[in-house]
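Engineer:
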Amino acid sequence: MAQKNLCLKKLSVRDAWGLIEVIESAGEITLHFGNHTAQSGWYPAQPTELAFGYYRALLVGLVLHPDPRRLNLYGLGGGVLARYLLEYTDISVHAHDLRPTLAPIAQQYFGLDLDHPRLQLQFGDICASDELEAIPAADILWVDIFDEQGMVPIPTRSLAQLASQLGDHGILCINIWRNELGDVTDLTRALERFFSPDPLTLHVPDRYNTVLCYRVEPWAQDDLLQSHGRIKRFSPPVQETLREALGWLQPLPQRRPR
């Protein structure tokens, strides 16, 4: 009889927002907010591998921008994405999260170097738009805001602050659960106030995750061609991930003739 994978609870703590748990199973360490849904995950023995498909989909934003140097990450979680960017790219990362307790957890269990010179951490509520005013400008925004109940609604005034952080070529990449149709509809309608209404879409295989990539100018087929040409600028682990995730891009919508 095959032996089932054993789960080891490495940490269980409570902060002002609830339970935080770290679980190890089959070589993977995952972060949980009091339920079975993994908020972050990585394989310490395979640090170049991004455990979650939507992590890989978010990476596509790096080649959609002509020269990404600064990235603002909303939703630190276990710090997996921040660690990956710091170790395998030259990009500077400003990470924002609601829960300060996550910083030492990210360091101890997920390999994030809190003292890295290209990392800035800030803690606050993304729903409080005035707290976002001091966050520096960036070339790319990654938005991955979930709690134990699912997608966290982001007020339009906060989305306006996020949009203001981006330059002319800036790109916002956001992870959503496409099965939460009402929340997705509200979010995309709000984003249309600040960006082109037709984002690039990446459906993560065998998951409900979708990553939407927005910018002010409409996307064109030439943008996709250029993105493939930029892959070689990155380190080999990133190149491999990008080649996989670019295959998840959905066709551009056909524009109606005027």
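If you count the sequence shown from 1, position 203 lands on 203 in our numbering, and the numbers rise without skipping. Idealized CB from N, CA, C, for every residue including glycine. Quick caveat, the model's predicted, so the values are computed rather than measured.
#1: For residue 17, does the count of other Cβ atoms within 10 angstroms reach 16, so buried, or fall short, so exposed?
#2: If we define contact as Cβ-Cβ less than 7 Å, is residue 213 a contact residue for chain B?
#3: In the structure shown, what three-state DSSP assignment does residue 143 receive?
#4: For the candidate residues 15, 35, 42 and 19, whose alpha-carbon lies nearest to that of residue 25?
#5: To which residues of the same chain is residue 218 closer than 7 Å at the C-beta, ignoring the five residues directly before and after it?
#6: Considering only residues of the same chain and omitting the five flanking positions on each side of residue 101, which have a CB-CB separation below 8 Å?
#7: Just to confirm, is the Cβ distance from residue 119 to residue 93 under 7 Å?
#8: How many whole angstroms separate the CB atoms of residue 169 and residue 66, which I take to be in contact at a CB cut-off of 8 Å?
#9: Please confirm whether residue 245 and residue 83 have their CB atoms less than 7 Å apart.
#10: Does DSSP classify residue 65 as helix, strand or coil?
#11: Can you tell me where the alpha helix (DSSP H) holding residue 227 begins and where it ends?
#12: Suppose you measure from the CA of residue 33 to the CA of residue 227; what does that come to, to the nearest Å?
#13: Starting from residue 164, trace the alpha helix (DSSP H) in both directions and tell me its first and last residue.
#14: By how many angstroms is the C-alpha of residue 38 removed from the C-alpha of residue 135?
#15: Taking 7 Å as the threshold (C-beta atoms), are residue 95 and residue 73 in contact?
#16: Of all the options 145, 225 and 139, which has the alpha carbon lying nearest to the alpha carbon of residue 261?
Structural biologist: Quick answer:
#1: Exposed is the call here.
#2: This model lacks chain B altogether, as it is built from one protein chain only.
#3: strand
#4: 42
#5: Hits under 7 Å: 196 and 198.
#6: 13, 15 and 20
#7: Going by C-beta atoms, residue 119 is nearer than 7 Å to residue 93.
#8: 6 Å
#9: no
#10: coil
#11: 221-229
#12: Between the C-alpha atoms of residue 33 and residue 227 there is a straight-line separation of about 35 Å.
#13: 156-164
#14: Cα-Cα distance, rounded: 28 Å.
#15: yes
#16: Residue 261 lies beyond the range of the chain shown here (1 to 258); nothing can be said about it.
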